[in-house]
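Everything below concerns the one structure shown next.
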Amino acid sequence: MPGGRTSGKESGKPSRQLLFLEALQNSRASSPVSEVHTPVPPSTMADLVQGATMDCILQEITAEGRKLEGMDNAMASLTAETKSMRLEIAGFQLRILGLEH
């Protein structure tokens with residue numbers, strides 16, 4: 001499959017997902033019913049499925065990690081904003097009490 005995606009850690013080497021999809025496509029190739037296909041050995045297919053599944057899981061974990069990182073950044077921003085607001089409130093309280101210099 002030209003233009004297929006490869007994983008970032010394997011430069012120039014097709015990803016497990018791509019290999020799985022190619023094997024699946026080859027096993028479903030359109031041909032007369034009378035023609036016999038060479039089946040993909042079960043161990044190879046299992047390895048491809050397991051590899052593709054692991055790649056999918058890793059991608060989901062990475063995406064969730066990015067979401068959590070974004071949430072951490074948002075919480076840090078809110079914390080800084082809260083501290084700033086507390087200082088403003090303290091300043092207003094001092095003004096109300098007439099204790100400000």
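In case it helps, the numbering used here puts the sequence shown at residues 1 to 101.
Here a beta-carbon is modelled for each residue, glycine too, at the ideal position from N, C-alpha and C.
Just so you know, these numbers come straight off a predicted model, no measurement behind them.
Asked: Given T44 as reference, the closest of G91, A63, F20 and G98 once Cα atoms are compared; Found: F20
Asked: Local conformation of L94 per DSSP, three classes; Found: helix
Asked: Buried versus exposed call for L48 [16 or more other C-beta atoms within 10 Å across all chains shown]; Found: buried
Asked: Member of L18, N73 and E81 whose CA lies at the smallest distance from the CA of A52; Found: L18
Asked: C-beta atoms of D72 and R16 nearer than 8 Å; Found: no
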